[in-house]
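In the numbering used here, the protein residues as written are 413 to 576.
Glycine is no exception: its CB is placed at the ideal position from the N, C-alpha and C atoms.
Small disclaimer: the values here were computed from a predicted structure and weren't measured.
Working notes, structure below.
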Amino acid sequence: MSLVKEILRTTAKYYPLGYSQLYESLYKETIYGRKLNKNSLSATLSRMKKDGLLETRNKKFLLTKEGLDRLDKDGAKIKTFFNQKNIADNREKLKNLVLIFDIPEKQKLYREWLRSELVGLGFTMIQKSVWLGPALPKEFVEYLNELGLFKHIRFFKTTEKDLI
Numbered sequence: 413m414s415l416v417k418e419i420l421r422t423t424a425k426y427y428p429l430g431y432s433q434l435y436e437s438l439y440k441e442t443i444y445g446r447k448l449n450k451n452s453l454s455a456t457l458s459r460m461k462k463d464g465l466l467e468t469r470n471k472k473f474l475l476t477k478e479g480l481d482r483l484d485k486d487g488a489k490i491k492t493f494f495n496q497k498n499i500a501d502n503r504e505k506l507k508n509l510v511l512i513f514d515i516p517e518k519q520k521l522y523r524e525w526l527r528s529e530l531v532g533l534g535f536t537m538i539q540k541s542v543w544l545g546p547a548l549p550k551e552f553v554e555y556l557n558e559l560g561l562f563k564h565i566r567f568f569k570t571t572e573k574d575l576i
């Protein structure tokens with residue numbers, strides 16, 4: 413997921429946010445497992461303000477109408493299956509499912525969406541397309557099939573003895 417999209421999603425969920433709150437929130441939510449570069453974040457925020465996606469009030473970042481429209485367009489008609497409040501609980505669940513996917517470049521939006529959902533559902537990234545986590549909700553698996561993604565995904569159930 414791009415930094416711009418992460419900023420838009422985070423600001424939409426928790427607005428208004430100050431720079432340090434936004435940085436902390438992004439650091440906790442990043443799906444890449446690495447700390448964000450402060451210069452990169454500052455430059456991206458500046459560019460987003462210039463492009464009219466964000467505005468600041470009282471040193472807090474808010475989405476503009478254009479930012480909301482962009483967020484809606486980028487995630488149009490894609491459901492989310494995790495609740496932000498449940499992320500900590502999801503991370504504590506027994507992780508015994510290996511999920512491997514190879515979603516074509518034409519469906520990049522779905523690939524980014526899947527990574528974001530997997531983080532929220534308590535999965536840990538092993539590689540960009542290899543994840544370890546708890547059992548998936550039935551509705552989520554059915555939705556993957558509806559989207560036509562099921563053919564690009566493989567699931568492997570493990571036991572504690574299988575994990576090294």
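Quick check: what's the CA-CA separation for residue i versus residue j?
i: Ile434; j: Gly532; result: The sequence shown places Leu at residue 434, not Ile. In a straight line, the C-alpha of Leu434 is about 18 Å away from that of Gly532.
i: Pro546; j: Glu558; result: 21 Å
i: Asn508; j: Glu529; result: 17 Å
i: Ile538; j: Val510; result: 9 Å
i: Met460; j: Leu521; result: 20 Å
i: Ala515; j: Val553; result: The identity of residue 515 in the sequence shown is Ile, whereas the question assumes Ala. Taking the straight line from one Cα to the other gives about 15 Å.
i: Tyr555; j: Phe513; result: 15 Å
i: Leu544; j: Asn470; result: 41 Å
i: Ile419; j: Lys569; result: 34 Å
i: Thr571; j: Glu551; result: 23 Å
i: Lys462; j: Lys450; result: 18 Å
i: Thr536; j: Val542; result: 9 Å
Just mark residue i as buried or exposed, buried being the case when its beta carbon has 16 or more other beta carbons within 10 Å.
i: Phe567; result: exposed
i: Lys563; result: exposed
i: Gly479; result: buried
i: Leu526; result: buried
i: Leu506; result: exposed
i: Arg421; result: buried
i: Glu524; result: buried
With a threshold of 8 Å on Cβ separation, who are the neighbours of residue i within its own chain once the five nearest residues in sequence on each side are excluded?
i: Ser452; result: Leu415
So what does residue i bridge to, in DSSP terms?
i: Met537; result: Trp543
i: Phe552; result: Partner(s): none; Phe552 has no beta bridge.
i: Leu465; result: DSSP, once it has assigned bridges, lists no residue as partnering Leu465.
i: Lys472; result: Arg469
Who are the near neighbours of residue i in its chain, counting only those whose CB is closer than 6 Å to its CB and skipping five residues on each side?
i: Glu467; result: Leu474, Thr476
i: Ile565; result: Phe513
Return the chain-ordered list of same chain residues with a C-beta closer than 7 Å to the C-beta of residue i, the five sequence neighbours on each side being excluded.
i: Thr456; result: Leu415, Val416, Ile419
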